[in-house]
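Undergrad: Please see the structure below; I have some questions.
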Amino acid sequence: MAAVADTGAFLSELFRAAVAAADPDEAIKANLPQQPKGRTVVVGAGKASLAMARAFDTLWRARSRVSW
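To convert, count from 1 in the sequence shown and add 3; that's the numbering used here.
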């Protein structure tokens with residue numbers, strides 16, 4: 004195992020990468036399916052459910068250019 008020259012910089016970068024990976028907007032954007040025809044119901048649970056629902060709503064509105 005190689006030694007890390009600057010432990011503080013390594014840990015800071017590791018933290019930034021972890022936070023970026025947990026970004027609800029990016030998680031939803033990467034996994035959002037095509038919009039089906041008809042009505043869509045979104046159900047969520049957990050700490051990130053509100054943030055993910057907001058990201059979902061924002062992304063689908065942008066795709067469809069339709070206001071709800």
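Every residue gets a Cβ at the ideal spot worked out from N, C-alpha and C, and that includes glycine.
1) Let me know the secondary structure DSSP gives residue 47 once reduced to three states.
2) Checking 8 Å against the spacing of the C-beta atoms, do residue 2 and residue 56 come in under that value?
3) Secondary structure at residue 60, three-state DSSP: helix, strand or coil?
4) Going by C-alpha to C-alpha distance, which of 29, 50, 42, 41 sits closest to residue 61?
5) Could you round the C-beta distance between residue 27 and residue 54 to whole angstroms and report it? I think they count as a contact, below 8 Å.
TA: This is what the structure gives:
1) Locating residue 47 in the sequence shown gives position 44, counting from the first residue. In the structure shown, residue 47 falls within a coil segment according to DSSP collapsed to helix, strand and coil.
2) Residue 2 lies beyond the range of the chain shown here (4 to 71); nothing can be said about it.
3) By one-based count along the sequence shown, residue 60 stands at place 57. In this structure, residue 60 counts as helix in the three-state DSSP scheme.
4) The residue given as residue 61 occupies position 58 in the sequence shown. When each option's Cα is compared against that of residue 61, the closest is 29.
5) By one-based count along the sequence shown, residue 27 stands at place 24. By one-based count along the sequence shown, residue 54 stands at place 51. Their Cβ separation, rounded to whole angstroms, is 4 Å, which keeps residue 27 and residue 54 in contact under 8 Å.
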